[in-house]
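All letters in the sequence shown, in the order written, are residues 12 to 189 by my numbering.
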Amino acid sequence: EPNTEFFSRPPALPDDDRLWEIYQRGGALLRQAGLDDYEVSAWSLPGAQSRHNLNYWTFGDYLALGAGGHGKVSLADGRILRYWKTRQPDAYLNRIGSRTAGSEAIEPEDRPLEFMMNALRLKSGTDERLYGEHTGLPLSSIAVKLEQLRNENLIVPDRLQATAKGQRYLNSLLEHFL
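Pasting the structure below:
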């Protein structure tokens with residue numbers, strides 16, 4: 012993010028092969044400690060996954076609370092909105108009326124990527140029916156893409172779930188929904 016130390020002076024990173032080796036070794040250590048990788052970047056003891064994060068990854072709604080908070084709501088008329096609160100605490104506290112600084116609609120053409128970008132982070136994926144429930148779009152709207160991804164062994168049959176190969180190449184998999 013701009014205005015951070017990492018942005019102004021990014022660290023030198025190892026090459027992709029070395030990163031993969033580090034990831035595999037780290038995963039082995041975490042598994043030995045009894046943790047499971049239930050999401051691309053999250054590990055937990057069995058049954059102790061973050062419900063808060065699981066809601067994000069299944070494209071659920073959430074509230075923006077406090078200065079700089081972000082939220083997503085699905086409205087009765089089918090619109091899906093993202094909104095955010097005033098960032099600076101003083102400005103947030105002094106704002107009269109709404110403390111919402113802005114909002115934007117997630118347009119229907121953007122919803123397939125938005126949903127899949129979240130749901131495919133979960134190692135267990137999600138039920139196909141949630142796609143329609145959370146996007147307002149029929150699963151048939153992405154059926155051709157899903158079939159192609161299944162043929163490439165990137166997504167499992169009958170579920171919105173990346174295979175091990177799909178998890179490893181998740182960013183490339185998601186490009187199909189751009």
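Note that CB positions come from ideal geometry on N, CA and C, so glycine has one too.
Could you tell me which residues DSSP pairs with residue i in its beta bridges?
{"i": "Thr111", "result": "Lys96"}
{"i": "Lys176", "result": "In the DSSP output, where bridge partners are listed per residue, Lys176 has none listed."}
{"i": "Gly82", "result": "Tyr94"}
{"i": "Ser55", "result": "Asp47"}
{"i": "Thr146", "result": "According to DSSP, which records beta bridges pairwise, Thr146 is partnered with nothing at all."}
{"i": "Leu181", "result": "Its beta-bridge partners do not exist; DSSP assigns none."}
{"i": "Leu171", "result": "Thr137"}
What whole-angstrom Cβ distance do residue i and residue j have, given they're in contact under 8 Å?
{"i": "Arg179", "j": "Asp138", "result": "That belief does not hold up - the Cβ atoms of Arg179 and Asp138 are roughly 23 Å apart, past 8 Å."}
{"i": "Leu165", "j": "Lys156", "result": "Not a contact, Cβ separation roughly 10 Å."}
{"i": "Leu40", "j": "Leu56", "result": "15 Å between Cβ atoms; not a contact."}
{"i": "Phe126", "j": "Thr111", "result": "That pair is no contact at about 24 Å."}
{"i": "Gly80", "j": "Lys96", "result": "4 Å"}
{"i": "Ala75", "j": "Asn64", "result": "Not a contact, Cβ separation roughly 16 Å."}
{"i": "Leu181", "j": "Val51", "result": "7 Å"}
Can you look up residue i in the DSSP assignment and give me helix, strand or coil?
{"i": "Ile166", "result": "strand"}
{"i": "Ile33", "result": "helix"}
{"i": "Asp27", "result": "helix"}
{"i": "Lys156", "result": "helix"}
{"i": "Glu16", "result": "helix"}
{"i": "Asp48", "result": "strand"}
{"i": "Ala130", "result": "helix"}
{"i": "Ala39", "result": "helix"}
{"i": "Ala116", "result": "strand"}
Are the beta-carbon atoms belonging to residue i and residue j less than 8 Å from one another?
{"i": "Asp72", "j": "Ser85", "result": "yes"}
{"i": "Ala173", "j": "Gly136", "result": "yes"}
{"i": "Gly38", "j": "Asp48", "result": "yes"}
{"i": "Met128", "j": "Leu189", "result": "no"}
Is it true that the region 113 to 123 meets the region 146 to 154, where meeting means three or more beta-carbon pairs spaced less than 8 Å apart?
-> yes
Cβ contact (3+ pairs, closer than 8 Å) linking the region 14 to 25 and the region 91 to 108 | no
Examine the Cβ distances between the region 129 to 138 and the region 61 to 78 and report whether three or more of them are shorter than 8 Å.
-> yes
Does the count of Cβ pairs from the region 105 to 118 and the region 82 to 93 closer than 8 Å reach three?
-> Yes, the region 105 to 118 is in contact with the region 82 to 93.
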